[in-house]
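Numbering (the numbering used here), first residue to last: 995 to 1105. Positions of the beta carbon are idealized from the N, C-alpha and C atoms, including for glycine. This one's a predicted model, so the numbers in the text were calculated from it and none came from an experiment. Notes follow the structure.
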DNA sequence: TCCATGACATCCA
DNA sequence: CTGGATGCCATGG
């Protein structure tokens, strides 16, 4: 019965990421109150890869590095999508990552 | 129940 | 900078 999994939490947050913005796995994990379980966030994204409503390309690691680009179909799809939103990519990492960074715990709030 | 894996984060050499 | 090791939590076999 509608048991809310950790993934669902991640999906909700990721889906709320505005365009031209990005966030980190740790930030989401932290927002969920599970700082350290950032792996779960990434894993959730793996499952989210099949979700069309999950802009996983807006989720990167804390370095702003496109660690998950290898999981996208194609080689440059992730960075391409980000560039489409106005985010510059250099060497698989986001330029001015801090500038595009979107902190859910700062912009969002508990349900 | 135990073991292995995972799109991370952080520390140390 | 690179590589190895540890922690953290959840899922699957």
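Query: Closest by C-alpha distance to residue 1080, when choosing among 1052, 1057, 1028, 1010; Result: 1052
Query: Alpha-carbon spacing of residue 1063 relative to residue 1069, whole angstroms; Result: 7 Å
Query: Start-to-end residues for the alpha helix (DSSP H) that takes in residue 1039; Result: 1032 to 1042
Query: Three-state class that DSSP yields for residue 999 in the structure shown; Result: coil
Query: Distance cut-off 8 Å: residue 1011 Cβ against heavy atoms of the ligand MG; Result: The ligand MG is absent from the structure shown, which contains no ligands of any kind.
Query: Cut-off 7 Å between Cβ atoms - residues of its own chain near residue 1045, not counting five sequence neighbours on either side; Result: 1005
Query: Assigned secondary structure, residue 1066 (DSSP; H/G/I helix, E/B strand, else coil); Result: coil
Query: Distance CB(residue 1057)-CB(residue 1091) smaller than 9 Å; Result: yes
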